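Chemist: Everything in the sequence shown is counted per the working numbering, starting at 3 for the first residue and increasing by one. Handing you this structure, nothing more for now.
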Amino acid sequence: MRPALLLLLLALPWPLPAAAQTIHHCVDARGNPVFTDRQCSDLQAVPYTPRAAPETAAPAAAPPLLCAADFSALRQAVVEAFATRDANRLAGLMLWEGHGRQGVVAGIRRLAALMERPLVEVGRASSEATDDDGPPDAAMPDAVPADTAQTPPELVLRTASSDGSGVPDETRFAVVRRSGCLWLRP
Numbered sequence: 003m004r005p006a007l008l009l010l011l012l013a014l015p016w017p018l019p020a021a022a023q024t025i026h027h028c029v030d031a032r033g034n035p036v037f038t039d040r041q042c043s044d045l046q047a048v049p050y051t052p053r054a055a056p057e058t059a060a061p062a063a064a065p066p067l068l069c070a071a072d073f074s075a076l077r078q079a080v081v082e083a084f085a086t087r088d089a090n091r092l093a094g095l096m097l098w099e100g101h102g103r104q105g106v107v108a109g110i111r112r113l114a115a116l117m118e119r120p121l122v123e124v125g126r127a128s129s130e131a132t133d134d135d136g137p138p139d140a141a142m143p144d145a146v147p148a149d150t151a152q153t154p155p156e157l158v159l160r161t162a163s164s165d166g167s168g169v170p171d172e173t174r175f176a177v178v179r180r181s182g183c184l185w186l187r188p
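Printed below as a string of structure tokens:
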């Protein structure tokens, strides 16, 4: 017989007896898995039963706010970033257009240094303050063009004094509305 014909005959599927087609997954006395065509009890092993998947717990905290729709939400997001000392979270509230990778990294380092001091107050610049500390939507245009004389509203962070004078340090960020969200400009 030719070798090619012999290989073809060997490659054809041959029916197996019904008993040989069942594979049992067992666990022996030492806890090792065993795969066999015999019953687990014949090998003094027990059938393997998969454990139920653990139930997933509800998240411990609500996910962080990703987009501030109004000034009070932006202010709260800043307070939460300071509470957790998360410079990346604060950086996520900013528009970094035109800063480049190195500029953004340097900016986040400055934010981390700022967050080393306790936060005293978060608010608007005194000339812009309102009763609810939130600007009306009309005061927050979608974008303030750079070539206009219009000054965008500002968010003022007051942190504990760095020089021991007791006078809080101020850091100001321009606030702009873009795509329905309020963002800080570094």
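All C-beta atoms, glycine included, are put in the ideal place defined by N, C-alpha and C. Here the structure is a predicted model, which means the values were calculated and not measured.
Please report the straight-line C-alpha distance between Leu92 and Pro35, rounded to a whole angstrom.
Modeler: 51 angstroms
Chemist: My guess is that Val177 and Leu76 are in contact by the Cβ rule of under 8 angstroms, so how many angstroms apart are they, rounded?
Modeler: 7 angstroms
Chemist: Here's a check: name, in chain order, each residue in its chain whose Cβ is nearer than 7 angstroms to the Cβ of Ala89, leaving out the five neighbours to either side.
Modeler: Ile110, Leu113, Ala114 and Met117
Chemist: Can you tell me which of Leu157, Val29, Val158 and Arg87 puts its alpha carbon nearest to the alpha carbon of Pro120?
Modeler: Arg87
Chemist: By DSSP's criteria, Thr51 is part of a beta bridge. Which residues make up the other side?
Modeler: Answer by DSSP bridge pairing: none, since Thr51 is not bridged.
Chemist: Tell me whether Thr161 is buried or exposed, calling it buried when 16 or more other Cβ atoms sit within 10 Å of its Cβ.
Modeler: buried
Chemist: List the DSSP bridge partners of Arg87.
Modeler: Paired residues: none, contrary to the question.
Chemist: Among the residues of its own chain, which have a CB less than 8 angstroms from the CB of Ala31, if the five just before and after it don't count?
Modeler: Gln46 and Ala47
Chemist: Is the separation between the beta-carbon of Leu159 and that of Leu95 shorter than 7 angstroms?
Modeler: It is not a contact, given that the beta carbons lie outside the stated cut-off.
Chemist: Sorted by chain position, which residues of the same chain lie with C-beta nearer than 8 angstroms to Val81's C-beta, five sequence neighbours on each side aside?
Modeler: Leu121 and Val124
Chemist: Could you tell me which residues DSSP puts in a beta bridge with Thr161?
Modeler: Leu121 and Asp171
Chemist: Please state whether DSSP places Glu82 in a helix, a strand or coil.
Modeler: Glu82 falls in the helix class under three-state DSSP.
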